[in-house]
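In the numbering used here, the protein residues as written are 340 to 582.
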């Protein structure tokens, strides 16, 4: 198997740190993610790699329709339980690239820390474009810069870390346009390099994550309101489906 089908993830569970910096230790970071993504989300949303559903659930008040998905059977089971009483939410299980079993297209796809797991990344985006309405958006959040690649990346099955240039190549190869493409979380990138690459940490320590969340994230958000960083822990892209 290849791509998303062969991902080696930490064991899923209620205590897992979603999106590598989730959970109660990183409330500011989770808000940062939401605030970056929310302006680009329309009325119908497909999230790829939904995990336990915490991130997607935040969008429900503004949506007419939500589709959550994951490849992990445990996550799919938990998603079905979480949204069992919601007629406007459906749950899918699949790995990318594939033909996605979606009857009606959505206007927005969101993938948070997913594309870096997939060897056939451009083909995966083509799969998503087929179930996105013409003119719709695919929001991509991926780890940035191979200089930050370390044991953590290997353990969670990262094929690569992207730069704006390499992500642009993948997105355009998939036949998509680009509305937004930039590195973000500049200070987080430096902290990640110090802790994971230089410090040899195999997985983020929840205690350090809490300190990072309370100090680095707010400072980063303030800086990035005024300055476009040249580098970051993350690369953020809003791709546009033609038409």
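Even for Gly, the Cβ is constructed at its ideal location relative to N, Cα and C.
C-alpha distance - residue i paired with residue j, whole-angstrom precision
| i | j | result |
| --- | --- | --- |
| residue 496 | residue 423 | 30 Å |
| residue 407 | residue 394 | 10 Å |
| residue 517 | residue 554 | 32 Å |
| residue 441 | residue 376 | 22 Å |
| residue 374 | residue 385 | 18 Å |
| residue 449 | residue 464 | 11 Å |
| residue 459 | residue 513 | 10 Å |
| residue 427 | residue 582 | 26 Å |
| residue 443 | residue 486 | 40 Å |
| residue 474 | residue 379 | 12 Å |
| residue 546 | residue 472 | 42 Å |
| residue 510 | residue 530 | 28 Å |
| residue 507 | residue 461 | 10 Å |
| residue 564 | residue 455 | 26 Å |
| residue 493 | residue 548 | 20 Å |
| residue 550 | residue 515 | 38 Å |
| residue 562 | residue 415 | 38 Å |
| residue 399 | residue 457 | 28 Å |
| residue 566 | residue 451 | 23 Å |
Residue from the options with nearest C-alpha to residue i
| i | options | result |
| --- | --- | --- |
| residue 421 | 439, 442 and 397 | 397 |
| residue 484 | 429, 563, 476 and 572 | 572 |
| residue 371 | 557, 574 and 580 | 557 |
| residue 436 | 468, 580 and 550 | 468 |
| residue 410 | 458, 549 and 430 | 430 |
| residue 389 | 458, 511 and 432 | 432 |
| residue 576 | 413, 503, 457 and 446 | 503 |
| residue 296 | 462, 447 and 546 | Summary: the structure shown does not reach residue 296, with the chain confined to residues 340 through 582, and so no result is reported for it. |
| residue 445 | 405, 434 and 425 | 405 |
Supposed contact pair residue j and residue i - C-beta distance, whole angstroms, cut 8 Å
| i | j | result |
| --- | --- | --- |
| residue 481 | residue 387 | Actually they do not touch by this definition, with Cβ atoms about 12 Å apart. |
| residue 382 | residue 403 | 5 Å |
| residue 478 | residue 439 | 16 Å between Cβ atoms; not a contact. |
| residue 528 | residue 570 | 6 Å |
| residue 476 | residue 579 | 6 Å |
Neighbourhood of residue i by C-beta distance below 6 Å, restricted to the same chain and skipping five residues each side
| i | result |
| --- | --- |
| residue 568 | 522 and 525 |
| residue 391 | 417 |
| residue 488 | 500 |
| residue 552 | 365, 367 and 368 |
| residue 425 | none |
Beta-carbon contacts of residue i that lie in its chain and below 8 Å, excluding the five residues immediately before and after
| i | result |
| --- | --- |
| residue 419 | 430 |
| residue 466 | 435, 436, 437, 438 and 439 |
| residue 505 | 499 |
Cβ neighbours of residue i in the same chain (closer than 7 Å, five flanking residues each side left out)
| i | result |
| --- | --- |
| residue 519 | 575, 576 and 577 |
Residue i Cβ short of 8 Å to the ligand NAD heavy atom set
| i | result |
| --- | --- |
| residue 567 | No copy of the ligand NAD occurs in the structure displayed, which carries no ligand at all. |
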